[in-house]
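In our numbering, the protein residues as written are 42 to 318.
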Amino acid sequence: MDEMKPVTEVESELVGKCCSGKGTGCRCGSESEEKGAWIVAGAVLLSGLMVSASILVSMKSGVSAGAPAAGNNQAAQPTQEKTGPQTAVVSLDDDPVMGDRKTAKVAIVEFSDFECPFCKKFHQESYDALVKEYVDTGKAVISFRDYPLPFHEPKASLAAETAQCVRAAKGDAAYFKFSKLYFENTQTNGKGLAEGKMNEVLAQSGVNVAAVNDCAAKEKYKEEIAKDMSDGQAAGISGTPSFVVGKLSADGKVEGDVLVGALPLSQFKTAIEKYLQ
């Protein structure tokens, strides 16, 4: 995987995600959205004027708008636009999983950044209800895959490393407990936890604080984190939080819809229910 170069921070209130492109900033920030909106509006206005002019000319010449020109025996074919959600195929890989894979028909694969404010928003507003309704009932599993963005470094990768060390010490349950506590306490945007708070979070996660801190400092899981990002990019993921919600295969493959941003529970339910049928 090519190393991701530093990028300018872009936090999009409109999209509800932290964005990053490979080497450059993703064009989804508030400033670019605003510029894009003006460009689109201008294009629509220009298109409308052109159509109006075409209709006027057609009316004068007695030819219906959109009809083929005289002498052209081939009728114009309508252009069919692609509709529906973006889809992707990913894997649970060897990443932490919450829920029972034996009973679950659906998997929710979250590509996330511990320092992304919209990831925190998702975990505060939709995550618990999602777990209660679908994971606790055996209908779905949730997997967490790391996607630390360059402009949230070094805290984002440090948190990802720490979480992996927690998992190595105490398993998936401890991992998800740590992630919940981290999202509750992070100041986001690369600011990390307040001084001394990490040790408190680790203690509440039930691990040996000194051992986990030592593990994280050694960056033992750097390649694993990079693989998560590479897999995400291959699936079309460019920002956080992003999710692939789809049918779970026995081999851990997940094929389904891509959801992007700190979405409300209702949008997750729509995707999940489709694959439960």
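All residues carry an ideal CB built from backbone N, CA and C; glycine is no exception.
Distance between residue j and residue i (C-alpha atoms, nearest Å)
{"i": "K261", "j": "A200", "result": "13 Å"}
{"i": "L243", "j": "V207", "result": "8 Å"}
{"i": "G140", "j": "G179", "result": "7 Å"}
{"i": "K162", "j": "A170", "result": "13 Å"}
{"i": "S220", "j": "Q318", "result": "31 Å"}
{"i": "T229", "j": "C59", "result": "11 Å"}
{"i": "S279", "j": "H193", "result": "15 Å"}
{"i": "V285", "j": "V182", "result": "12 Å"}
{"i": "K232", "j": "K196", "result": "7 Å"}
{"i": "Q165", "j": "D135", "result": "26 Å"}
{"i": "T281", "j": "C160", "result": "7 Å"}
{"i": "L222", "j": "E174", "result": "21 Å"}
{"i": "Y316", "j": "D255", "result": "42 Å"}
{"i": "R142", "j": "L190", "result": "29 Å"}
{"i": "K218", "j": "E296", "result": "27 Å"}
{"i": "F309", "j": "F185", "result": "16 Å"}
{"i": "K238", "j": "A251", "result": "14 Å"}
{"i": "K263", "j": "S153", "result": "16 Å"}
{"i": "A215", "j": "E225", "result": "15 Å"}
{"i": "S283", "j": "E241", "result": "29 Å"}
{"i": "A267", "j": "S198", "result": "10 Å"}
{"i": "L234", "j": "G57", "result": "22 Å"}
{"i": "Y168", "j": "A303", "result": "10 Å"}
{"i": "V172", "j": "V138", "result": "12 Å"}
{"i": "A320", "j": "E265", "result": "The question about residue 320 has no answer, for the chain in this structure spans 42 to 318."}
{"i": "A312", "j": "Q205", "result": "29 Å"}
Buried versus exposed call for residue i [16 or more other C-beta atoms within 10 Å across all chains shown]
{"i": "E333", "result": "This structure cannot settle anything about residue 333, because the visible part of the chain is limited to 42 through 318."}
{"i": "P158", "result": "buried"}
{"i": "T144", "result": "exposed"}
{"i": "E236", "result": "exposed"}
{"i": "C291", "result": "Correcting the residue type first, residue 291 is Ala in the shown sequence and not Cys. Exposed is the call here."}
{"i": "A276", "result": "buried"}
Contact belief for residue i with residue j at Cβ below 8 Å, rounded distance in angstroms
{"i": "K146", "j": "L289", "result": "6 Å"}
{"i": "T128", "j": "V301", "result": "With 8 Å as the limit, T128 and V301 do not qualify as a contact, their Cβ atoms being about 13 Å apart."}
{"i": "M270", "j": "D187", "result": "7 Å"}
{"i": "T203", "j": "V253", "result": "6 Å"}
{"i": "G287", "j": "A148", "result": "7 Å"}
{"i": "K294", "j": "S132", "result": "5 Å"}
{"i": "E151", "j": "T227", "result": "Rounded, the Cβ-Cβ distance is 16 Å, inconsistent with contact."}
Could you say if the region 207 to 226 and the region 244 to 258 meet the contact criterion of at least three C-beta pairs nearer than 8 Å? Touching, per the Cβ criterion.
At 3 residues or longer, and completely inside the region 171 to 240: list those beta strand (DSSP E) runs for me, N to C. Correct list: 181 to 187.
Any chance you could list the beta strand (DSSP E) runs of at least 3 consecutive residues sitting entirely within the region 262 to 292, in chain order? Listed in chain order, the complete beta strand (DSSP E) runs (minimum 3 residues) inside the region 262 to 292 are 283 to 289.
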